[in-house]
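Asks: Mind having a look at this structure? Questions to follow.
There are 2 protein chains.
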Amino acid sequence: MTEEARRSPERAKRLPRAVREKQILDAAVQVFSRHGYHSASMDEVSEVAGVSKPMIYSYLGAKEDLFIHCIRREANRLLAAVEAGIKPDLAPDMQLWHGLRSFYAFVAEYRESWTVLHRQAMSVGGPFADEVNAMRERAIELVAALVVSAGARRGLAEQAESSGEGMAAALVGAAESLADWWLDHSDVPDGVLASWLMNLVWLGFNDLVEGAVWKPAE
Amino acid sequence: MTEEARRSPERAKRLPRAVREKQILDAAVQVFSRHGYHSASMDEVSEVAGVSKPMIYSYLGAKEDLFIHCIRREANRLLAAVEAGIKPDLAPDMQLWHGLRSFYAFVAEYRESWTVLHRQAMSVGGPFADEVNAMRERAIELVAALVVSAGARRGLAEQAESSGEGMAAALVGAAESLADWWLDHSDVPDGVLASWLMNLVWLGFNDLVEGAVWKPAE
């Protein structure tokens, strides 16, 4: 070890900026998910990351900016995981199934990410909630495209066009709400959540595109 | 008109406290839904309500308390409207149908209430979001009871017990998310929203309790 490294081990390891940022964000997600935005301290982020506070400020800004960076990264990771799970060659129900499996697998593996995205960001509100809402819009577009393509396959393009986006908004809300419920009921395996949701929504939509329509029995 | 009434018309009309509070809350919901919590001014609430600011403070407190009172009242009204719509003698699907109809009719008629409850309260977060989450929990319990009773009727009590609450959380999330979507797509009639959701979720659940189970075709 050089004399300089002994004096300042951090400076000695000249890690690329991207690596440092990843360390900081990993630590921040952990700290924010544990304490919530308001109670989280930059001292703890610095300690968990093993990166000095001045370096955190210089790379990712103060607490507010850091939280926005966390939300953005986790939202992008979540959407990327869901999109990667969807195989465009499969039938629409299988696409949705794989998308849901990927979603709940992500929530199960990165529980802290989901906690930050869904609970912490939404409960602080303001620009943080706006970031999460932007992610929701992208998820709704993704599902709407699926619903419309499923409808088109069955010759019901027009019907799917008119109700597809609303249906997609409902489905995304159902998936989120079940994931939120799961934070307090983690004994249910994540694959079971995906199959509950398929049973709830897909058999429904499937019947619909087959021409079956629920009507009040009055 | 007495001399006193001419000097202070407000004091002359000695309205019961409950009536005054209603005037204030009606005005506050209007103002909060229009401007959001942070930008809403107590001056405007006072002007719209026709009630002096000191009287507002003395009856319902400062802005934070007033906002909490608004959320609580609107949450209770919304749940009461949904519960009133449900006729316990009907078949479970009809109960859900009437519950959803009542929910979307409420959102359509009291758009400002829904905006305050769903958008404003959630985007400010903190204790306001907690109030809304408490309302969500009550809604989930209501739907879970319905799902469990539907399962029991078909001899699937055990299955409905295990998945009922998760299904109910998904369903409440779907209903909320569709109502949120509707705030930006108000040309769709509220009855159509309820029937989209029935088609999406009920045919699904109905098939499920009939013993049909969706499985991945692998």
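As given, the protein sequences belong to chains R and U, one line each in that order.
First residue of the first sequence? That's 1 in the working numbering, and the numbers climb one at a time after it.
First residue of the second sequence? That's 1001 in the working numbering, and the numbers climb one at a time after it.
Ideal Cβ placement from N, Cα and C applies to all residues, glycine included.
If you're wondering where the values come from, they're calculated on a predicted model, not measured in any experiment.
Please go through the same chain and pick out, in chain order, the residues whose beta-carbon is closer than 6 Å to the beta-carbon of Glu21 of chain R, but skip the five residues on each side of it.
Replies: Tyr59
Asks: Check whether the region 65-81 of chain R touches the region 122-138 of chain R, counting contact only when three or more Cβ pairs, one atom from each stretch, lie closer than 8 Å.
Replies: At 8 Å Cβ cutoff, the stretches touch.
Asks: Mind listing the chain R neighbours of Glu1219 of chain U? Cutoff is C-beta to C-beta under 8 Å, in chain order.
Replies: There is simply no residue 1219 of chain U to check, as chain U begins at 1001 and stops at 1218 in what is shown.
Asks: Would you tell me roughly how many angstroms separate the C-alpha atoms of Lys1087 of chain U and Met198 of chain R, rounded to the nearest one?
Replies: 28 Å
Asks: I need the boundaries of the alpha helix (DSSP H) containing Ala1040 of chain U, first residue and last residue.
Replies: Note, Ala1040 of chain U: premise wrong, no alpha helix (DSSP H); not H, not E.
Asks: Could you say which of R:Gly164, R:Ala152, R:Ala150, R:Phe106 lies nearest to Glu176 of chain R if we only look at CA atoms?
Replies: R:Phe106
Asks: Around the Cβ of Leu1183 of chain U, are there at least 16 other Cβ atoms within 10 angstroms (buried) or fewer (exposed)?
Replies: exposed
Asks: Using a Cβ-Cβ distance under 8 Å, would Val1201 of chain U count as near chain R?
Replies: Val1201 of chain U counts as touching chain R.
Asks: Compare the C-beta of Leu197 of chain R with all C-beta atoms of chain U and state if any pair is closer than 8 Å.
Replies: yes
Asks: Do three or more CB pairs link the region 49-59 of chain R to the region 82-99 of chain R at distances below 8 Å?
Replies: no
Asks: Please report the residue range of the alpha helix (DSSP H) in which Asp1093 of chain U lies.
Replies: 1092-1109
Asks: Can you have a look at Gly19 of chain R and say buried or exposed, based on whether 16 or more other CB atoms are within 10 angstroms of its CB?
Replies: Checking the sequence, you will find Val at residue 19 of chain R rather than Gly. Within 10 angstroms of the beta-carbon of Val19 of chain R lie fewer than 16 other beta-carbons, which makes it exposed.
Asks: Please classify Gly1173 of chain U: is it buried, with 16 or more other beta-carbons within 10 angstroms of its beta-carbon, or exposed?
Replies: buried
Asks: Since Ala1169 of chain U contacts Ile1140 of chain U with CB under 8 Å, what's their CB separation in whole angstroms?
Replies: Right, their Cβ atoms sit about 5 Å apart.
Asks: Classify Ala40 of chain R: buried if its beta carbon has 16 or more other beta carbons within 10 angstroms, exposed otherwise.
Replies: So Ala40 of chain R counts as buried.
Asks: Can you look up Val51 of chain R in the DSSP assignment and give me helix, strand or coil?
Replies: Three-state DSSP puts Val51 of chain R in coil, outside helix and strand.
Asks: Which residues in the same chain as Phe67 of chain R place their Cβ atom closer than 7 Å to its Cβ, once the five residues preceding and following it in sequence are excluded?
Replies: So the qualifying residues of the chain are Phe32, Tyr37, Phe128.
Asks: Return the CA-CA distance between His69 of chain R and Gln1023 of chain U, expressed in angstroms with no decimal places.
Replies: 43 Å
Asks: Tell me which same chain residues have a C-beta within less than 8 Å of the C-beta of Gln1095 of chain U, skipping the five on either side of it?
Replies: Ile1086, Lys1087, Pro1088, Leu1146
Asks: Look at Gly125 of chain R and Gly1099 of chain U and say whether their C-beta atoms are less than 8 Å apart.
Replies: no
Asks: Which value, in whole angstroms, describes the spacing of the CA atoms of Ala108 of chain R and Trp114 of chain R?
Replies: Computed Cα separation, rounded: 9 Å.
Asks: Taking a contact to mean a Cβ-Cβ separation below 8 Å, would you say Ala1062 of chain U touches Val1045 of chain U in this structure?
Replies: no
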